[in-house]
Amino acid sequence: MKSIIHFSIFLLCITGPFVALSQGITEGAKVTGNIQIDGQYYTENETLGITDSSLNYRKTGMNGFANLLYTNGNFSAGMRMESYLNPMLGFDSRYEGVGVPYWFARYKTGSFEMTAGHFYEQFGSGLVLRSWENWALGYDNNLYGFNTSFSPIDGITLKGLIGIQRYFWEPYEIGNRGIVKGFDADFDLNEIFEKMADCQTRIDIGGSFVSKYEKVPKVTYVVDSKYFIDSVEWNKQTVYELKLPNNVGSWAARVNISNGGLNFYSEYAEKSNDPNATNGQIYKKGTALYSSLAYSTKGLGVFLSTKWIDNMSFKSKITETGTPPMLDINYLPAISKEHQYSLAALYPYATQPNGEFGFQGQIDYKIRKGTALGGKYGTSLTLNYSLAKSIKKDTVAISPITNSWVGTQGYKTNFLSIGDLKYYTDVNFLIDKKFSNKWKGTFGYFNQSYNKNVIEEGIYNENNMVKANIAVVDLTYRFTPSKSFRLETQGLWTKEDKGDWLSMLLEYNISPTWFFAISDEYNYGNPSDDLKIHYYNVAMGYTQNTTRFALRYGLQREGLLCVGGVCRYVPASTGLTLTITSTF
Amino acid sequence: MKPKIISTLFFILITFILWTACEKIDQPLKIVDQKDFPVNPDDTLYFVDSIIVDLKQVLLEDFTGQRCVNCPKASKLLHEISDFYYPRLVSYTVHAGIFAEPVPGTVFGTDLRCPLSEKLYFDFGIFATPMGQIDRVLFNGLRQIFTTNWQSVVDQQMQIPNVVNLKLKNTYYPKHNSVIVDVEADFISDLEGQYNLVVYIVEDGIVTAHLNNDPTIGPDTLYNFIHHNVLRGPINSAYGDPINSSGNITAGLKFAKQYTFPINPNWVAENCNIIAYIGKKDPVLNLVDIIQAAELKIKTEQ
Numbered sequence: 264m265k266s267i268i269h270f271s272i273f274l275l276c277i278t279g280p281f282v283a284l285s286q287g288i289t290e291g292a293k294v295t296g297n298i299q300i301d302g303q304y305y306t307e308n309e310t311l312g313i314t315d316s317s318l319n320y321r322k323t324g325m326n327g328f329a330n331l332l333y334t335n336g337n338f339s340a341g342m343r344m345e346s347y348l349n350p351m352l353g354f355d356s357r358y359e360g361v362g363v364p365y366w367f368a369r370y371k372t373g374s375f376e377m378t379a380g381h382f383y384e385q386f387g388s389g390l391v392l393r394s395w396e397n398w399a400l401g402y403d404n405n406l407y408g409f410n411t412s413f414s415p416i417d418g419i420t421l422k423g424l425i426g427i428q429r430y431f432w433e434p435y436e437i438g439n440r441g442i443v444k445g446f447d448a449d450f451d452l453n454e455i456f457e458k459m460a461d462c463q464t465r466i467d468i469g470g471s472f473v474s475k476y477e478k479v480p481k482v483t484y485v486v487d488s489k490y491f492i493d494s495v496e497w498n499k500q501t502v503y504e505l506k507l508p509n510n511v512g513s514w515a516a517r518v519n520i521s522n523g524g525l526n527f528y529s530e531y532a533e534k535s536n537d538p539n540a541t542n543g544q545i546y547k548k549g550t551a552l553y554s555s556l557a558y559s560t561k562g563l564g565v566f567l568s569t570k571w572i573d574n575m576s577f578k579s580k581i582t583e584t585g586t587p588p589m590l591d592i593n594y595l596p597a598i599s600k601e602h603q604y605s606l607a608a609l610y611p612y613a614t615q616p617n618g619e620f621g622f623q624g625q626i627d628y629k630i631r632k633g634t635a636l637g638g639k640y641g642t643s644l645t646l647n648y649s650l651a652k653s654i655k656k657d658t659v660a661i662s663p664i665t666n667s668w669v670g671t672q673g674y675k676t677n678f679l680s681i682g683d684l685k686y687y688t689d690v691n692f693l694i695d696k697k698f699s700n701k702w703k704g705t706f707g708y709f710n711q712s713y714n715k716n717v718i719e720e721g722i723y724n725e726n727n728m729v730k731a732n733i734a735v736v737d738l739t740y741r742f743t744p745s746k747s748f749r750l751e752t753q754g755l756w757t758k759e760d761k762g763d764w765l766s767m768l769l770e771y772n773i774s775p776t777w778f779f780a781i782s783d784e785y786n787y788g789n790p791s792d793d794l795k796i797h798y799y800n801v802a803m804g805y806t807q808n809t810t811r812f813a814l815r816y817g818l819q820r821e822g823l824l825c826v827g828g829v830c831r832y833v834p835a836s837t838g839l840t841l842t843i844t845s846t847f
Numbered sequence: 003m004k005p006k007i008i009s010t011l012f013f014i015l016i017t018f019i020l021w022t023a024c025e026k027i028d029q030p031l032k033i034v035d036q037k038d039f040p041v042n043p044d045d046t047l048y049f050v051d052s053i054i055v056d057l058k059q060v061l062l063e064d065f066t067g068q069r070c071v072n073c074p075k076a077s078k079l080l081h082e083i084s085d086f087y088y089p090r091l092v093s094y095t096v097h098a099g100i101f102a103e104p105v106p107g108t109v110f111g112t113d114l115r116c117p118l119s120e121k122l123y124f125d126f127g128i129f130a131t132p133m134g135q136i137d138r139v140l141f142n143g144l145r146q147i148f149t150t151n152w153q154s155v156v157d158q159q160m161q162i163p164n165v166v167n168l169k170l171k172n173t174y175y176p177k178h179n180s181v182i183v184d185v186e187a188d189f190i191s192d193l194e195g196q197y198n199l200v201v202y203i204v205e206d207g208i209v210t211a212h213l214n215n216d217p218t219i220g221p222d223t224l225y226n227f228i229h230h231n232v233l234r235g236p237i238n239s240a241y242g243d244p245i246n247s248s249g250n251i252t253a254g255l256k257f258a259k260q261y262t263f264p265i266n267p268n269w270v271a272e273n274c275n276i277i278a279y280i281g282k283k284d285p286v287l288n289l290v291d292i293i294q295a296a297e298l299k300i301k302t303e304q
């Protein structure tokens, strides 16, 4: 595997000098790391349709990683080894294998920092560039190349990078993905200009440009037109080539203004014509605006954010699709709340890169202790609302050559226009209350509308809107400072999709060593009697120093797992799961 | 300030480099190929042949008739000149006038005339056969040239420098007995006047009787006389399609035309040739002063 060879060379390079100067390797050096191993043993379940063949005759699945980080002064180097033997259910089968998909060496001298190898980077809010990784999601789009950062004077930070993105274990070859180049400049005006140094209002502006080069495939369309000459039918055949851009550029400008507890952030981005599999190969430019306003003071926090996205899927391979969507160069921030309670997270929102308007508002308020409502310990209230809708699109005529919108502008839209189609709404209210030294509780209500057609099927209508009400009661009783008992009950009521659910979790903790839990999610309202299933689980965990073992046996329901608006489909499964995590 | 200047310049440079790293595509779909062919897949069999003429070639129009007793001798002469200048002399026979009229019920019953041949005969005022027109130029004040002067006029015309290259391509579809003719003229000199492109089809090797008065050729009636390049008709029209609408042609002008032509089933396609020529428009005689001519056999098999 190429990456292993690369990493071996890299290790030789960084350890060679240390061997020569062996006393230097330990002087001031620090090595840290962590390991996680997730293993599953699967069993068949006829009701859920889990059979040997649906499991592809795999009895087990194992995902694991180990991070190693070496730091010594201004130098650091690290690596991550990963293994998927086999990939656990729900993870892309192309992950199967073992290797080192991530390693780097970084040093800093003066105001200059250079990273060689693999790296993660983000410009602004990520509208034009974000490389990131999420283990649970099975998502990793780290860049492999060079990343530099340079600060010529205080207040100015310039970044430049070039690299190729990770695509499972597939080595880079011309044509199998593009090369990403990016530049970002950030200006902290209060630091640059002495007159503003003492100003309470702090202003930071920035700009980014990201470009992708890809050797694009040749796409042709054949158009036939018939005519007659002396009763003989002839055909005029015209071959058209769809000219795909080898280079696609995007840029963004941003501003951040803060004053005390008030913070305003806004970023505008554009992308040049980028016909790809996500947007149906249309040639319209992409546009995005993301803004947020936050205010916080003692006991009160207000956060508002909005986004408007039009045709902003930006990948380093124009034919790439799939869940989770790999090879994303940019990131379109999710502005719906990610819920920790399982039934509240049953219908999560997935960002729609082809066009969406989103809004989220949240108020966090803590009722002071000693008041009638606050009680002895105070009470925390959280009210959150999020909305995602379509943007208004006026379609243009289809191309007579492709007989579709391929090769056209696709549609027309006005900047910040909002369409009529609702994708998602979520209103939720949480009360966090400590009653006594022994009792505390969280009470929540959620009202969600989830457009299943749009979010899961890419069908843009309201014919499959799931409207759900969810309630949560989460109580914890602490027997002693180290022993506690938690009862979590949830209910989800909907007339659509799979109907009503009830969930209960009992958890006993002996801190910091043991925990035991049993839980059940019961889909009692499923329209099909056969699918009124108890998704029961029994779990226990043991922690020793920085190592934790957790064992769970039971049924996993199918659904979407979303992090930051990026989602992965998780199929139903039954069996035993072992998780080991350790840090050093 | 120096670091500020450097960083600003650095920023501008990098931004410029990256800014240019995107492509705006105004016309996503462009034509890369275009072709004509019969719809029925069985009809897609075709044979192609082509020729490029980049030397001046001369056109000789031989006005004749099968009952013209002097015409076999003229035909023989034409062949001798043609052999000498091969392949630069392009010729066809124009069967018209009283000696070309068929006599039903006799060996001269085959009609080798066509509307085009009659038109040329009358438009150019041909008063006797055999008679020739060589590049339709004037010789001794006349465009009708007697056989005795054919050699010298051909010699004269062969000396004229080439002004236009002519490319001729025939694509023959046996199933439909049709030919697609592609003609491309590439002018290499400036020319004054308006010019037309003319494309004709001729049939070679037609065997019929011919009267004769040259004993060196044969008896009075040549029962198996082989008629060469008999003019059968126009592919476009008698005097063709205009190349330029204004008064002059500038070197570098390219003119291309495609014609689809179903071949008359009474003709033998494998003996047919396509003749293309370019002449100057004339207010009285329609088209004179031929500047280039090309001939290409229709290829009917591999």
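Chains A and B are the protein sequences, given in the same order. Adding 263 to a residue's 1-based position in the first sequence gives its number in the numbering used here. Adding 2 to a residue's 1-based position in the second sequence gives its number in the numbering used here. Every residue, glycine too, gets a C-beta built ideally from N, C-alpha and C. All of these numbers come straight from a predicted model, not from anything done at the bench.
Between Q260 of chain B and V183 of chain B, what straight-line distance do the alpha-carbon atoms span, to the nearest angstrom?
Going from the Cα of Q260 of chain B to the Cα of V183 of chain B covers about 6 Å.
Exposed or buried, K561 of chain A, counting other C-beta atoms within 10 Å across all chains shown (16 or more means buried)?
The residue is exposed, with fewer than 16 neighbouring Cβ atoms inside 10 Å.
Mapping DSSP to helix, strand and coil, what is F105 of chain B?
The question names Phe, but residue 105 of chain B in the sequence shown is Val. Coil, per DSSP.
Taking C-beta to C-beta, are E384 of chain A and P364 of chain A nearer than 7 Å?
Not a contact, by the Cβ cut-off of 7 Å.
Starting from L79 of chain B, follow the alpha helix (DSSP H) in both directions and report where the run begins and ends.
Element bounds for L79 of chain B: C73 to Y87.
Q286 of chain A to F847 of chain A, Cα distance in whole Å?
Residue placement at Q286 of chain A cannot be trusted, given a pLDDT of 47 that sits under 50; what the coordinates show is reported in the next sentence. Cα to Cα, the separation comes out at about 23 Å.
Do you know offhand how far K715 of chain A's Cα is from F354 of chain A's?
C-alpha separation (whole angstroms): 22 Å.
Can you list, in chain order, the stretches of the beta strand (DSSP E) that have 3 or more residues and sit fully within the region 778-839 of chain A?
Here the runs fully enclosed are 797-807, 810-819, 822-826 and 829-833.
What three-state label does DSSP hand V165 of chain B in the structure shown?
V165 of chain B: coil per DSSP, three-state reduction.
To the nearest angstrom, how far is the alpha carbon of V473 of chain A from that of F446 of chain A?
Approximately 6 Å between the Cα atoms of the pair.
Roughly how many angstroms separate the alpha carbons of V139 of chain B and Y88 of chain B, rounded to a whole number?
Going by the C-alpha atoms only, they are around 21 Å apart.
Can you pull the chain A residues whose beta carbon is under 9 Å from the beta carbon of P236 of chain B, in chain order?
Result: empty, since nearest Cβ-Cβ is about 16 Å, beyond 9 Å.
Taking a contact to mean a Cβ-Cβ separation below 7 Å, would you say W497 of chain A touches P40 of chain B in this structure?
For W497 of chain A and P40 of chain B, yes; Cβs fall inside 7 Å.
Measure the CB-CB distance between K675 of chain A and D657 of chain A and report whether it falls below 7 Å.
Against a cut-off of 7 Å, the Cβ pair of D657 of chain A and K675 of chain A comes out as a contact.
Identify which residue in A:S766, A:Y604 and A:I781 has its Cα closest to the Cα of G788 of chain A.
Considering only alpha carbons, the answer is A:S766.
Give me the chain B residues within the contact set of T483 of chain A, using Cβ-Cβ distance strictly less than 8 Å, ordered along the chain.
Those within 8 Å of T483 of chain A in chain B are V34.
Are the beta-carbon atoms of P132 of chain B and A76 of chain B separated by less than 7 Å?
Yes, these two residues count as a Cβ contact at 7 Å.
In three-state terms, what does DSSP make of D487 of chain A?
It is a strand residue.
Does I292 of chain B get closer than 7 Å to chain A when you measure Cβ to Cβ?
It does not: the Cβ of I292 of chain B has no partner Cβ on chain A nearer than 7 Å.
Would I292 of chain B pass as a contact of N172 of chain B if the rule is Cβ separation under 7 Å?
No, these two residues do not count as a Cβ contact at 7 Å.
Please identify the residue among A:H602, A:R631 and A:T642 whose C-alpha is closest to the C-alpha of S649 of chain A.
Of the candidates A:H602, A:R631 and A:T642, the one whose C-alpha sits nearest the C-alpha of S649 of chain A is A:H602.
For P508 of chain A, would you say it is in contact with chain B, using Cβ-to-Cβ distances shorter than 7 Å as the test?
So yes, P508 of chain A belongs to the interface.
Anything in chain A within Cβ reach of L31 of chain B, meaning under 8 Å, just list it in chain order.
Result: Y484, Y503, E504, L505, K506, S662, I664, T665 and G670.
Whole angstroms is fine: what's the gap from V60 of chain B's alpha carbon to V181 of chain B's?
Distance between the alpha carbons of V60 of chain B and V181 of chain B is about 24 Å.
On the CB-based measure, 16 or more other CB atoms within 10 Å of its CB, does C116 of chain B come out buried or exposed?
Under this definition C116 of chain B is a buried residue.
Around the C-beta of N617 of chain A, are 16 or more other C-beta atoms found within 10 angstroms, so that it is buried, or is it exposed?
N617 of chain A should be labelled buried.
Looking at the structure shown, is N526 of chain A part of a helix, part of a strand, or coil, going by DSSP?
Of the three classes helix, strand and coil, the one that applies to N526 of chain A here is strand, per DSSP.
Taking only the alpha-carbon atoms, compute the straight-line gap between L400 of chain A and A608 of chain A and give it to the nearest angstrom.
Answer to the nearest angstrom: the Cα atoms are 15 Å apart.
Pull up the CB-CB distance for L424 of chain A and G408 of chain A, whole angstroms please, since I reckon it's below 8 Å.
Confirmed, about 7 Å.
Could you pull the start and end residues of the alpha helix (DSSP H) that I545 of chain A belongs to?
Unbroken run through I545 of chain A: none, as it is neither H nor E.
Let me make sure I understand the geometry here. Which of A:S576, A:S747 and A:V729 has the alpha-carbon closest to that of D763 of chain A?
Nearest option by C-alpha distance: A:V729.
Assign N647 of chain A to one of three DSSP states: helix, strand, or coil.
If DSSP states are grouped into helix, strand and coil, N647 of chain A belongs with the strands.
Is the separation between the beta-carbon of G220 of chain B and that of N226 of chain B shorter than 7 Å?
Not closer than 7 Å, so no.
Where L284 of chain A and N335 of chain A are concerned, what is the direct C-alpha to C-alpha distance, given to the nearest angstrom?
Confidence at L284 of chain A is low in this model, with a pLDDT of 45, below 50, so the placement of that residue should be treated as unreliable; the coordinate-derived value is given next. Cα to Cα, the separation comes out at about 14 Å.
So, are the CB atoms of N815 of chain A and T840 of chain A less than 7 Å apart?
Position check: residue 815 of chain A holds Arg in this sequence, whereas Asn was assumed. It is a contact, given that the beta carbons lie within the stated cut-off.
Whose C-alpha, out of A:I598, A:S579, A:A597 and A:S599, is nearest the C-alpha of N591 of chain A?
The amino acid occupying residue 591 of chain A in the given sequence is Asp; Asn does not appear at that position. It is A:S579.
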